[in-house]
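Under numbering that gives the first Met the number 0, the residue at position 18 of the sequence shown is numbered 17, and the numbers go up by one with no gaps.
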Amino acid sequence: MKTIGVLTSGGDAPGMNAAIRAVVRTGIYNNFRVMGIRQGFSGLINGDIFEMNLSSVADIIHRGGTMLRSARSEEFKTEKGFKKALNVLEVFSIDGLVVLGGDGTLKGARELSKAGVPTIGIPCTIDNDCGYTDYTIGFFTAVETVVDAISKIRDTSTSHGRANVIEVMGRDCGDIALYAGLAGGAESIIIPEVEFDIDEVCKRALQGKNRGKLHHIIVLAEGVGNAYEVAQTIQEKTGIDTRVTVLGYIQRGGNPTSFDRIMASQMGNRAVELLKEGKVGRTLGMKCNEIIDMDIDEALKIEKKFDIEKYNTSKILSI
Ligand code: F6P
0 MKTIGVLTSG
10 GDAPGMNAAI
20 RAVVRTGIYN
30 NFRVMGIRQG
40 FSGLINGDIF
50 EMNLSSVADI
60 IHRGGTMLRS
70 ARSEEFKTEK
80 GFKKALNVLE
90 VFSIDGLVVL
100 GGDGTLKGAR
110 ELSKAGVPTI
120 GIPCTIDNDC
130 GYTDYTIGFF
140 TAVETVVDAI
150 SKIRDTSTSH
160 GRANVIEVMG
170 RDCGDIALYA
180 GLAGGAESII
190 IPEVEFDIDE
200 VCKRALQGKN
210 RGKLHHIIVL
220 AEGVGNAYEV
230 AQTIQEKTGI
240 DTRVTVLGYI
250 QRGGNPTSFD
260 RIMASQMGNR
270 AVELLKEGKV
280 GRTLGMKCNE
290 IIDMDIDEAL
300 KIEKKFDIEK
310 YNTSKILSI
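Written as C-alpha cells, this is what we have:
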C-alpha cells in the first residue's frame, strides 16, 4: 500500500482534527502518500482530493470542527454515487482509506470495505451512539460544554427561583443528557431510553421547592420531544416559572478535551498501523480504557447498551 486517503463525514465532532493529524503524521512516518478528501463522501464522489504533508496538520490538534470539512451525502447512498466514489479512489490510486464519523459514516465505510476498499473506521460523534465502543471521539467535549451551560443556567435559575429545561443533542441516544445531567447535578434527566413521567418530574420540582431549593434543572435529550411543551406542562402543574434553553450547535464545536484528543491521536495512529498490516475492514473503538479494533460489519450489529447504573445514581443523588 502506497497511498492512503482520509475523510470526515456526517456531523462534525471535536477531536476530528486531532485524529486527522494522527492519520497524516503516522502515514508519512510510514512512507505513505496521504491524501485528504474534503467534505466526506461527497468530496470522494467529486474528486475533491489533495495531497497532505506534515505541515497540513500543524496547529489543529486543539481545534474543534474538521479541517477536511464535512457533509451528509445522499448521493453516496445511491448505486451511481457509490460507483463514482469507487472510480475516484482508483483514479487517485488510493489503496487504503480512513473514514471518520458517526454511525451513518461507519455504515458507508462498511460498504466501501465490502466493495474491496481497504478501509478503517474511526468513531467520531458527539452522540456516543455506537454500540460496539464505550466512547466516541467528541462525546466528552460535548458533555463538558453542556455541564458548563448547566452551571451557568443554574446560577440564574437560583437567583430567580425558576425551573429550567435544557435541551441537549444526541439524536436518539440519551448519553449526552445522562452524563452531563449527572455531572451537572440535574434534578431530572429525561432521555429516550427510559419512559418519562412528567408527574414525577413535577413532584421532584415541588419537593425541592418545599425544601427551600431555589433552582430546578431538567436536562432533556432531543430524542424525547419538545422542550417547550415539557416546560409549559411543568409550569402549569407546579406553578414554578419554567424557562427553556436549547443548547444546539454549541455542543458540536469547541476545543476538544484532553481525553478526546488522546483517543483521537491513538485511534488515528492505530488506523494507519492496521492499514500497514493489511488488517482492514476494521473499525476502532474503546473498551475498558483500551483502544480496540473490530470487524466493521460485526461492530455495527452491536446495539448500544444503556447505562442504567448512571441513570439510577443520578436519580438518587438528585432527590
Ligand atoms: O449526530 C450529531 C448531531 O449533532 C446530533 O446530535 C443531531 O441530532 C444532529 O447531528 C444534527 O444534525 P445536522 O448537523 O445535520 O443538523
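No residue lacks a Cβ here, since even glycine has one placed at the ideal position from N, Cα and C.
Within the continuous alpha helix (DSSP H) that includes Lys-106, where are the two ends?
Taken as a continuous stretch (DSSP letters only), the alpha helix (DSSP H) holding Lys-106 covers 102-113.
Residue range of the alpha helix (DSSP H) that includes Gly-46:
Where Gly-46 is concerned, there is no enclosing alpha helix (DSSP H), given that its DSSP letter is neither H nor E.
Please confirm if the stretch 14-22 is in contact with the stretch 251-259, defined as three or more CB-CB distances below 8 Å between the two stretches.
yes
Sheet register partners of Ala-148 (DSSP bridge)
Per DSSP, none; premise fails for Ala-148.
From Glu-186 to Val-5, what distance separates their C-alpha atoms?
43 Å
At a cut of 8 Å, does the stretch 144-162 reach the stretch 37-56 through at least three beta carbon pairs?
no
So, are the CB atoms of Arg-32 and Thr-2 less than 8 Å apart?
yes
Counting along the chain, where does the beta strand (DSSP E) carrying Asn-163 start and finish?
That run of the beta strand (DSSP E) goes 162-167.
Is the beta carbon of Met-168 within less than 7 Å of some heavy atom of the ligand F6P?
yes
Let's test the definition: count the other Cβ atoms within 10 Å of the Cβ of Ala-114 and tell me whether it reaches 16, buried, or not, exposed.
exposed
Please classify Asn-127 as buried or exposed, where buried requires at least 16 neighbouring CB atoms within 10 angstroms.
buried
Own chain residues within Cβ distance below 6 Å of Gly-252, not counting five before or after:
Gly-63
Cα-Cα separation between Asp-198 and Ala-220, rounded to whole angstroms:
18 Å
Hey, out of Leu-246, Ile-261, Val-22 and Tyr-310, whose CA is closest to Asp-147's CA?
Leu-246
Is Glu-221 near the ligand GTP, in the sense that its beta carbon is under 7 Å from a heavy atom of that ligand?
For the structure depicted, the ligand GTP is absent and the ligand set comprises only the ligand F6P.
Can at least three beta-carbon pairs, one atom from the stretch 195-213 and one from the stretch 237-244, be found at a separation below 8 Å?
yes
Could you check where the alpha helix (DSSP H) with Glu-228 kicks off and where it finishes?
226-237
Under the three-state reduction of DSSP, which class applies to Val-22: helix, strand or coil?
In the displayed model, Val-22 falls within a helix according to three-state DSSP.
With a cut-off of 8 Å on the beta carbons, I'd call Gly-183 and Ile-216 a contact; round off their distance for me.
Contact annotation, Gly-183 with Ile-216: C-beta distance approximately 7 Å; criterion of less than 8 Å satisfied.
Report the CB separation of Val-90 from Gly-46 in whole angstroms; it is logged as a contact under 8 Å.
Contact holds; Cβ gap of about 7 Å.
Between Tyr-326 and the rest of its own chain, which residues show a CB-CB distance below 6 Å, the 5 nearest in sequence each way excluded?
Residue coverage of the chain in this structure runs from 0 to 318, which leaves residue 326 outside it and unanswerable.
Kindly indicate the opening and closing residues of the alpha helix (DSSP H) around Glu-199.
197-209
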